[in-house]
Each structure stands twice: as C-alpha cells, then as structure tokens.
C-alpha cells in the first residue's frame with residue numbers, strides 16, 4: 002500500500018490519496034492520468050491489467066487500486 | 016432521409032412507433048429491424064449490401080470466437096499443468112486471428128470505400144516526386160450511409176467478445192439490429208453491444224412519459240438545428256467559400272459561427288435521435304455534456320462527441336498501451352528517463368495513434384490529419400509541461416482552483432477549440448493557416464458599425480434570433496450544469512402550463528426556423544462521415 006501511495010503522490014502531488022474515496026467522480030484523476038497510472042502499476046508490481054479492469058470501481062480510491070493489484074497478483 | 020425532415024419525424028418515426036406498439040412485445044424487435052433496413056435502403060439503396068456484409072462478418076467471427084473460448088474453458092482443467100501455458104498461448108493466437116479477420120473485413124471495406132482515393136492521390140504524388148511512371152486512377156465511390164459509425168460499432172462488438180466483456184451472440188437479428196438501428200446509424204452515438212443489444216431486442220411496453228420526454232428532446236434538437244445551425248450556415252458558407260475576401264473580425268465571426276453551427280447541429284441531431292429512441296423505451300449513450308464549460312482541451316474531448324472519445328480510449332489507447340510489446344517499451348523509456356517525462360511518455364506515445372485515427376476518421380484528407388495532430392500536440396504538451404506549470408503556479412502563489420484562473424482556463428480552451436474548428440472547416444490546410452493569419456493582419460473594428468456584417472447573408476433579425484437562441488442554449492446548459500433536469504421540471508407543471516411550453520417550442524421552430532424561401536436545406540455535417 003505504501004508503494005502505491007507513493008506512486009499516486011508522485012502522479013498527483015497535494016492529494017490525500019489515503020482519504021479520498023471517489024477519485025473518478027470527484028474529477029481528481031482523469032482518464033489520461035489513469036492510463037499513466039496503469040502503465041506505472043504494471044511496471045512496478047509486475048501485473049497485467051486488462052482493459053476490462055480499467056473501470057471506475059477499481060480506480061476510485063487507493064484501497065480499490067490496492068485490492069485490484071492484490072487480485073491480479075493472486076491470479077498470476 | 017434527414018432526421019430534421021417531415022418525412023422522418025411525421026411519417027417514418029410516427030409509422031414505426033404505431034407499428035411497434037401495435038404488435039405483441041415479443042415481435043417488436045422485428046418492426047425495429049425492418050424499419051432500420053427500410054430507413055437505410057431509402058437513404059443508400061443497394062449500398063445496404065456493405066452493412067449486411069459487416070453484420071454477417073461480425074456475427075460469424077463472433078460465433079467462431081465464442082467456440083474457441085468455450086472449448087478453451089472446457090479443456091483447461093484437463094490440460095496437464097506444464098502444457099497449460101502453451102495451450103493458453105495457442106488459444107490466444109487463434110482468438111487474435113479471428114479478431115484480425117473480422118477487423119480486416121470491416122476496416123478493409125471502410126478503407127476501400129472511404130480512403131482509397133486518398134491513398135491513390137498520395138501514391139501518385141510520391142510516384143511523381145520519384146519520377147516513376149505509375150498513375151493510380153481515382154474512382155467515383157459513393158460512401159454507404161453511416162459506414163464510419165457502424166464499422167466502429169462492429170469492431171467494438173468483436174473486440175468485446177475477444178476480451179470477454181460480452182458473450183458471442185447466437186442470434187443474428189440482435190447483431191443486425193445493434194448495427195443498423197435507424198436512430199444511431201447516420202451519426203451515432205456509438206452504442207456498445209452490452210448496453211444496447213438487449214434493450215433493442217426486448218419489447219418495451221408503451222410509456223406516455225417516455226413518449227413525451229422523447230418528443231421534447233426531438234423538439235429541442237430541431238430548435239438547435241433549424242433555428243440556430245441552419246441560420247448561421249449562410250454566413251459560414253459565405254466566409255469559408257471566399258476566404259481570401261475576408262480577414263480580421265469576419266474570419267473570427269466565421270469561425271465562431273461555425274463552432275456554433277456544428278455544436279447546435281451535432282448536439283441537436285443527438286437530441287433528435289436520442290429522443291426518437293426514447294419513444295421506443297430505448298436509451299442511447301450520451302454524446303455531449305456541455306463541452307464549452309471545459310477547462311482544458313482534454314476535458315473538452317471528454318464532453319464533446321463522448322462516445323467517439325470512449326471508443327478511441329477503449330479500443331485504441333488501451334489496446335496499444337496494455338500490449339506486451341508496449342509495456343516493454345514503457346519499461347525501457349522509464350529506465351532511460353528518470354524524470355516526469357519517463358512516466359508521461361508511455362501515455363503520450365499511444366495518444367499519437369489515437370489522434371491520427373481520430374483525424375482520419377473525420378475525413379480522408381491531410382486537413383483532417385492536421386486536425387488530429389493539432390489536438391495531439393496540445394494534449395501532449397499539456398501532459399509534458401504540467402509538472403513545470405504546477406511548480407510555476409506554486410512559486411507565483413496562483414490558486415488554480417480560483418474563479419479567475421478557472422475563467423481564464425475556459426477562455427483559453429474556447430480559443431484553442433475554435434482554432435481546431437477553423438482547421439476542420441477550412442477547405443484546405445493552407446487556407447486554414449492563411450485565414451488564421453488574416454485575423455491579425457486585417458483586423459478592423461469598423462466592420463461592427465458600417466453594416467458590413469449585414470452583407471453576409473443574414474439580416475439584423477437573423478442576428479437577433481441567433482442571439483436569443485444562444486442565450487436560451489446557455490441558460491439551459493447552465494441549469495443542466497447545476498443538475499437541474501428541465502424535462503422533469505416541465506413534467507411537474509400542470510397540464511395547461513406544460514402544453515403552453517410544448518406549443519411555444521413547436522411554434523418557435525416553425526416560425527423562426529431557417530427553412531423555405533431564402534434558405535437552402537443543410538445536410539447534417541456528421542452524416543457525411
């Protein structure tokens with residue numbers, strides 16, 4: 002989780018990602034930023050994110066992203 | 016058959032609605048499919064064959080894909096552990112081959128019908144430059160109605176089956192209806208199979224509310240198209256047909272009016288088609304969300320022609336960005352560039368393909384390529400310089416969420432979008448540049464008072480109608496931006512008030528519409544793609 006928060010902070014400084022729980026609906030992360038994040042997550046965590054995983058539910062908060070990473074690692 | 020014609024609204028839509036609700040629910044899809052094919056045949060004649068080829072190709076390839084996926088799922092458990100990877104790779108290759116075949120048929124037809132002359136012209140230019148004695152003759156090709164729209168929808172279905180987002184449909188009628196549904200085949204919105212196919216196929220019960228809400232949307236769309244867009248078309252046509260004769264404020268007016276025209280017309284068309292579908296109880300995807308309230312060009316494209324943007328994102332950006340070879344390239348870039356660029360470049364590179372495709376999708380000419388590249392350059396620069404700009408704002412203590420800053424962002428986006436519109440509307444690439452230059456070289460405020468603006472094809476009353484029309488559109492947009500649903504509000508009023516509003520809207524279109532003597536019928540711009 003710490004590594005994920007670090008990546009998020011780096012992508013968008015000044016946002017409290019530990020607390021924010023609707024990054025998409027609140028307009029904090031745009032679709033292009035999510036794409037940058039997806040590439041970053043794949044490379045940092047060695048996971049394969051498919052287009053079907055790129056849905057608001059998986060990226061609405063740091064917790065949701067962490068759950069996605071954990072699921073994809075387990076599936077691997 | 017234009018969506019703003021009496022033939023469509025009164026005869027075609029009216030008759031289809033009557034038949035739809037007259038037959039039992041389980042047969043209602045037949046009425047929709049027949050109506051869609053009749054609509055297509057009346058507009059495009061024998062060119063319907065291309066639509067049928069696309070339908071058949073994705074239906075067959077979808078079934079083929081479905082079988083591959085099914086046999087993989089059934090056999091997976093029985094395959095020895097050490098052979099599973101090879102088995103999975105083999106299946107993936109077979110799936111890719113089927114998708115490739117389906118895309119080859121569909122994009123092959125699109126390339127042949129829409130782009131073959133463009134390719135031939137460019138090949139001839141290269142041949143001439145290299146002194147080769149090769150000449151490819153251009154052909155007169157009539158483009159089937161809506162081919163740029165249904166091809167992308169056909170591709171989305173087959174890719175969705177490949178990705179496992181939806182199962183292959185065994186019912187060819189459902190696929191045929193999904194691709195040919197008459198309200199969306201001419202200029203979208205791009206529907207997705209999982210959202211739309213079921214809705215189209217199931218028979219909807221009659222609903223007075225859906226019928227009246229749909230009718231209201233159609234009237235609103237007609238107002239935007241006939242009262243506003245078709246009226247300013249006269250000025251736009253005059254200025255863009257003789258660009259060398261105009262400069263300064265004339266060019267600014269021409270571009271502003273074109274932006275107004277294309278917005279009123281395209282969003283108006285979306286209102287008409289969404290309203291038409293709603294009358295059958297069918298909900299189409301939203302294509303516009305008040306784009307001129309955007310604070311950046313990227314946001315503008317999330318709110319303008321939204322279903323095209325979503326298609327490009329889901330099927331080009333994701334396909335390239337998440338592919339294995341691109342992931343390797345991203346890692347390489349990141350290892351070489353430790354700065355912020357190392358993180359943004361992996362998104363910026365595939366965006367090039369997205370905007371190249373977007374430009375070419377709009378038309379087969381270099382002008383549209385430039386149009387795409389213009390937006391690509393703005394977005395790429397925005398992403399690359401964002402960290403620098405952010406630091407600069409912090410150092411200067413500029414509040415980026417402050418009212419003034421937000422207002423400046425709106426104005427900046429509006430100007431950039433209008434330059435994009437100039438490229439889009441100019442007859443040629445070079446003309447776009449010369450018109451842009453002439454804004455500064457021939458600027459003269461005197462034209463505002465010397466009556467020159469009244470010699471462009473619109474009299475003072477036309478300007479008044481446009482001004483009032485714009486104020487109405489702005490007020491509606493502001494209310495929608497605040498979350499007010501006008502149709503819900505109207506529905507809450509008593510019957511007398513409600514019908515006064517309906518009649519006022521209908522008469523506004525009839526009285527102030529730019530049609531009849533002095534006006535030429537104007538085709539929908541996006542219907543020509």
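Protein chains in written order, with our numbering: chain A, 2 to 77; chain B, 16 to 544.
We put the CB at the ideal spot given by N, CA and C, even for glycine.
Nothing here was measured: the structure is a model prediction, and the numbers come from that model.
Three-state secondary structure assigned by DSSP to residue i
i: residue 77(B); result: helix
i: residue 362(B); result: helix
i: residue 28(A); result: coil
i: residue 373(B); result: helix
i: residue 459(B); result: coil
i: residue 62(A); result: coil
i: residue 89(B); result: helix
i: residue 160(B); result: coil
i: residue 154(B); result: coil
i: residue 51(A); result: coil
i: residue 280(B); result: helix
i: residue 269(B); result: helix
i: residue 38(B); result: coil
i: residue 56(A); result: coil
i: residue 76(A); result: helix
i: residue 428(B); result: helix
i: residue 289(B); result: helix
i: residue 184(B); result: coil
i: residue 84(B); result: helix
i: residue 227(B); result: helix
i: residue 474(B); result: coil
i: residue 343(B); result: helix
C-beta neighbour in chain A for residue i, strict 9 angstroms
i: residue 333(B); result: yes
i: residue 209(B); result: no
i: residue 405(B); result: yes
i: residue 88(B); result: no
i: residue 317(B); result: yes
i: residue 523(B); result: no
i: residue 313(B); result: yes
i: residue 321(B); result: no
i: residue 398(B); result: yes
i: residue 366(B); result: yes
i: residue 394(B); result: yes
Interface residues of chain A facing residue i [CB-CB closer than 8 angstroms]
i: residue 104(B); result: Chain A residues near residue 104(B): none, gap ~14 angstroms exceeds 8 angstroms.
i: residue 359(B); result: 37
i: residue 473(B); result: Within chain A, no residue comes near residue 473(B); the closest Cβ sits about 39 angstroms away, beyond 8 angstroms.
Residue i: contacting residues in chain A (beta-carbon distance under 7 angstroms)
i: residue 362(B); result: 33, 36, 37, 40
i: residue 328(B); result: 32
Alpha carbon of residue i to alpha carbon of residue j, nearest angstrom
i: residue 398(B); j: residue 41(A); result: 15 angstroms
i: residue 333(B); j: residue 37(A); result: 11 angstroms
i: residue 487(B); j: residue 478(B); result: 14 angstroms
i: residue 7(A); j: residue 17(A); result: 11 angstroms
i: residue 159(B); j: residue 408(B); result: 51 angstroms
i: residue 80(B); j: residue 104(B); result: 15 angstroms
i: residue 274(B); j: residue 254(B); result: 14 angstroms
i: residue 154(B); j: residue 501(B); result: 49 angstroms
i: residue 413(B); j: residue 460(B); result: 34 angstroms
i: residue 424(B); j: residue 411(B); result: 17 angstroms
i: residue 51(A); j: residue 337(B); result: 7 angstroms
i: residue 335(B); j: residue 325(B); result: 15 angstroms
i: residue 220(B); j: residue 294(B); result: 11 angstroms
i: residue 374(B); j: residue 391(B); result: 10 angstroms
i: residue 539(B); j: residue 286(B); result: 13 angstroms
i: residue 369(B); j: residue 322(B); result: 14 angstroms
i: residue 56(B); j: residue 16(B); result: 10 angstroms
i: residue 90(B); j: residue 96(B); result: 12 angstroms
i: residue 4(A); j: residue 161(B); result: 48 angstroms
i: residue 310(B); j: residue 23(A); result: 20 angstroms
Contacts that residue i makes with chain B (C-beta to C-beta distance below 8 angstroms)
i: residue 51(A); result: 178, 337
i: residue 44(A); result: 342, 345, 346, 349
Pick from the options that is closest to residue i, judged by C-alpha positions
i: residue 76(B); options: 384(B), 43(B), 105(B), 116(B); result: 116(B)
i: residue 446(B); options: 256(B), 530(B), 408(B); result: 256(B)
i: residue 444(B); options: 258(B), 73(B), 37(B), 195(B); result: 258(B)
i: residue 133(B); options: 378(B), 59(B), 520(B), 250(B); result: 378(B)
i: residue 188(B); options: 48(B), 239(B), 137(B), 318(B); result: 48(B)
i: residue 245(B); options: 278(B), 186(B), 211(B), 262(B); result: 278(B)
CB contact below 9 angstroms: residue i versus chain B
i: residue 23(A); result: no
i: residue 55(A); result: yes
i: residue 12(A); result: yes
Proximity test, residue i beta-carbon vs the ligand COA heavy atom, cut-off 8 angstroms
i: residue 316(B); result: The model on display carries no ligand, and the ligand COA is accordingly not part of it.
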